[in-house]
Each structure stands twice: as C-alpha cells, then as structure tokens.
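Numbering (the numbering used here), first residue to last: 444 to 796.
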Ligand SMILES: Nc1ncnc2c1ncn2[C@@H]1O[C@H](COP(=O)(O)OP(=O)(O)O)[C@@H](O)[C@H]1O
Ligand SMILES: [Mg+2]
C-alpha cells in the first residue's frame, strides 16, 4: 500500500474570528478539536503521515513548508458567498491535489437557490422556490402556504426553526426580514414539505465518461457505477412535537444526543433505489467528487414523493455524531475506514494509486 504525506485542512471553531454583532450560531459549521484529532488519527491509521493545518490565508506559507502529497480538505471557510471554495481555489493555484469537490461545485452547493436552478433544469424533483432580498418583494403566485423560509447560503440548520414554517403573509414577511437582517443574505422560500426527513450519503466517483448532465432520454440506464451508497438515514422528529418538526440548528447542535436516528431508514427497497438514483443524479449534475450527502423530504401529502432539499459536498465527519458517520456505521464501516475511503477515492481520481 502506498503511503502519502497528507495535510488535513479544516477550520477549527476555536480559531474562528469573532466580530461584534455576529449571530450566536455563526460558526456552527466549523469543526471541534476532537473531530480534527479523530481525522488525523484516522488518516494515520490508514498508513499515511498527517498533520492538521488551519484552512486560512496562512496556508500559502504552511503548505510550502509542509509540502503534502495531497490535502484532506474539509474547510467550510469564514467569509464570503463562496467561502467553501476558497481553499480549493488556493490549492489549485498551488497545484496541490485535494479530497472532495472543486471550486465550482462547492460555490454552487453553498448557494441553495443556484443548486435548485440546476436541479430544475434537469427536471429533478426539488420544491418550487423564490429568493427575497427584502420582505417587500412580491411572492410568486405559484407558491402556496404553508411556506418554508431559510437562509440561501448556510448549513447545519442555521436560521431554521419552527418559525421557518409560515402560514400567512405576516409570518412570511417577518421571517424573510429575519433571515435578510440576521444572516445578511437573500431568504429562500419554498412550499413547506410536510413529511419524513431522510438523507443519503455517497462515497466514490462515477465511472467515466460522465458529463455534468443527465441523459435526456428517460429510458436511459440510471448510471451510478463507481458510487458507494450508504444506507439512508431518517431523523425521527416526531418525539419533538409541534415545536421542532424541522431539522433545526437547535436539534442539530443542542439536542443532537437526544435525536432518534433511524438507520437504515425504515423505507422499502424501491424507495431506497429511487433515493440512491436521485443522489447519483444530483452528485453528477453538480459535478461533485469523492463524497457527498443529499438531503430529502418525503412528502406525506403526495404519496411520499421524495423532494431534494440540498447537496452537502462537505458533509460533517465527527465520530458518532455526523449523519455520514452514522450511515457508514450502519453498513459496518467505522470512522477510520470511512475517512480513508474518501481519501482513496481522491487518490484514485488523481491516479496516485
Ligand atoms: N421546503 C421544506 N419543507 C420542509 N422542511 C424543510 C424545507 N426546507 C428545509 N426544511 C427543513 O430544514 C432543515 C434544514 O434545511 P436544509 O435545506 O437541509 O439546510 P441545512 O441542512 O443546510 O441547514 C431540513 O433538514 C428540513 O428539516
Ligand atoms: Mg441539510
């Protein structure tokens, strides 16, 4: 087995800048020291040497000094509407290989509205939508209450709570205004999909050639060779009642240890096939590589039709906590193996192994 010098690039929560007036959940996406240590250990257990480097502008110096063969990138970034793509852009400039999706994919995936434009173009099922930069903007007649309002460019349930579900114009305007002012970005408005909450993780790369588009012919084979789908995970939100019927930041962070994760989700094989196919399709049209997680809601009012909410090309990798890690465990893949599967996918893609 070949051994490599790997730099783990991440943004530590405790290194994040603090500026007056920031929302309390501003850095909810960033990683803890515990997660970083577990990833370094996992990569070392894979036979490689590994050091952690903070993923900011100091990388220009630290990478020149450390001279890794490849970077294991999980940087979420700090500022800007393409913050997840900044480190990959730097790595491309410095011509250093790295795990995970590239600049365009990371920029698009951070922006849920841009992602949905691509999904709509490919006729993939995602809720209808509109973005609003101000509560005064007119709402499209195609959008009917109840509506769901969330920030366009955040993650980890940031800006999502039971108040995200709006039943009338007054509630809607209030929530749009809240998102605009608190998160300084457009609000994304969708029909509220009442139903079940399922997410599918995937590791690997589609066997080439695969353009970033789907075949136009519906009868074409559903190409998914090269991808390893993890068992779908369902978050059982029922015990939380009316107050938390969506996967909010409060649930994802404060109550994570009280959540009931059903993995594999209790859904029939045809639905698993359909979710896997949709996951492969989203992965492909978004140009994702190595790893991703696609979030769905299954519509209780439409025969459990799956709707794609978003793709996470940088899914969390915290041992025992992150969705992807729980899904892998349900398939007998431990944290160390999962971390190395992602690294191997990248090494193969660069033809380094
Ligand atoms: N249109 C929607 N209908 C119902 N629930 C939604 C809708 N959009 C988002 N949610 C809820 O909000 C949660 C977070 O939304 P998501 O788009 O996955 O953003 P993120 O995970 O990046 O915060 C989802 O897991 C789901 O519970
Ligand atoms: Mg999500």
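Heads up, the beta-carbon is just placed ideally off N, CA and C, and yes, glycines get one too.
* Buried/exposed call for residue 591, threshold 16 Cβ in 10 Å -> Position 148 of the chain shown, counted from the start, is the residue given in the question as residue 591. Of the residues assessed, residue 591 falls on the buried side of the cut-off, its CB having 16 or more other CB atoms within 10 angstroms.
* Is it true that the stretch 540-558 meets the stretch 520-531, where meeting means three or more beta-carbon pairs spaced less than 8 Å apart? -> These segments touch.
* To do: Any chance you could list the alpha helix (DSSP H) runs of at least 4 consecutive residues sitting entirely within the stretch 572-639, in chain order?
  => Listed in chain order, the complete alpha helix (DSSP H) runs (minimum 4 residues) inside the stretch 572-639 are 612-626.
* **Buried or exposed (CB count within 10 angstroms, at least 16 for buried), residue 522** => The residue you call residue 522 lines up with position 79 of the chain shown. When all chains shown are included, residue 522 counts as exposed.
* Asked: Is any heavy atom of ligand 4 found at a distance shorter than 7 Å from the C-beta of residue 675?
  -> As presented, the structure is devoid of ligand 4, carrying ligand 1 and ligand 2 as its sole ligands.
* Asked: Just checking, does the stretch 623-631 make contact with the stretch 703-715 on the three C-beta pairs under 8 Å criterion?
  -> Proximity of the stretch 623-631 to the stretch 703-715 falls short of the contact definition, fewer than three beta-carbon pairs being nearer than 8 Å.
* Alpha-carbon spacing of residue 751 relative to residue 739, whole angstroms -> Walking along the chain shown from the start, residue 751 turns up at place 308. Walking along the chain shown from the start, residue 739 turns up at place 296. A direct Cα-Cα distance of roughly 5 Å separates residue 751 from residue 739.
* Asked: So is the beta-carbon of residue 738 under 7 Å away from any non-hydrogen atom of ligand 2?
  -> Numbered from its first residue, the chain shown carries residue 738 at position 295. Yes - ligand 2 has a heavy atom lying nearer than 7 Å to the Cβ of residue 738.
* Helix, strand or coil at residue 668 [DSSP, three-state] -> Here the question's residue 668 lines up with position 225 in the chain shown. Here residue 668 sits in coil by DSSP.
* Asked: Span of the alpha helix (DSSP H) holding residue 726?
  -> On the chain shown, position 283 is the one that residue 726 refers to. 712-728 is the extent of the alpha helix (DSSP H) around residue 726.
* Excluding five sequence neighbours on each side, which residues of the same chain lie with their C-beta closer than 7 Å to the C-beta of residue 704? -> As a first step, residue 704 is located in the chain shown; it is residue number 261 there, counting from the start. Only 676, 678 and 769 meet the Cβ criterion.
* So residue 477 is in the alpha helix (DSSP H); what residue range does that whole segment cover? -> Position 34 of the chain shown, counted from the start, is the residue given in the question as residue 477. That run of the alpha helix (DSSP H) goes 476-488.
* With respect to the beta strand (DSSP E) encompassing residue 745, which residues constitute its N-terminal and C-terminal limits? -> By one-based count along the chain shown, residue 745 stands at place 302. If you look at residue 745, you'll find it isn't in any beta strand (DSSP E); DSSP assigns it neither H nor E.
* Is residue 752 near ligand 2, going by C-beta to nearest heavy atom under 7 Å? -> For this step, residue 752 is matched to residue 309 along the chain shown. At a threshold of 7 Å, residue 752 counts as near ligand 2, since its beta carbon sits closer than that to one of the ligand's heavy atoms.
* Look up residue 736 in the DSSP assignment and give the residues it is bridged to. => Taking the chain shown and counting its residues from 1, one reaches residue 736 at position 293. According to DSSP, residue 736 bridges with 644 and 755.
* Got a sec? Which residues, its chain only, sit under 8 Å from residue 618 by beta carbon, not counting five neighbours each side? -> The count along the chain shown starts at 1 and reaches residue 618 at position 175. Cβ within range, chain order: 592, 606, 607, 609 and 630.
* Asked: Who are the Cβ neighbours of residue 623 in its own chain at under 8 Å, not counting the five residues just before and after it?
  -> One-based indexing of the chain shown puts residue 623 at position 180. Closer than 8 Å at the Cβ level, and outside the excluded window around residue 623, lie 575, 576, 577, 578, 629 and 630.
* To do: Return the chain-ordered list of same chain residues with a C-beta closer than 7 Å to the C-beta of residue 585, the five sequence neighbours on each side being excluded.
  => Against the chain shown, residue 585 aligns to sequence position 142. Answer for residue 585: 571, listed in chain order.
* Under 7 Å Cβ to Cβ from residue 573, same chain only, skipping five residues before and after it: list those, please. => Residue 573 sits at position 130 when you count from the first residue of the chain shown. Same-chain partners within the cutoff: 582, 583, 586 and 632.
* **Which residues DSSP lists as bridging residue 448, in chain order** => For this step, residue 448 is matched to residue 5 along the chain shown. In the DSSP output, where bridge partners are listed per residue, residue 448 has 492.
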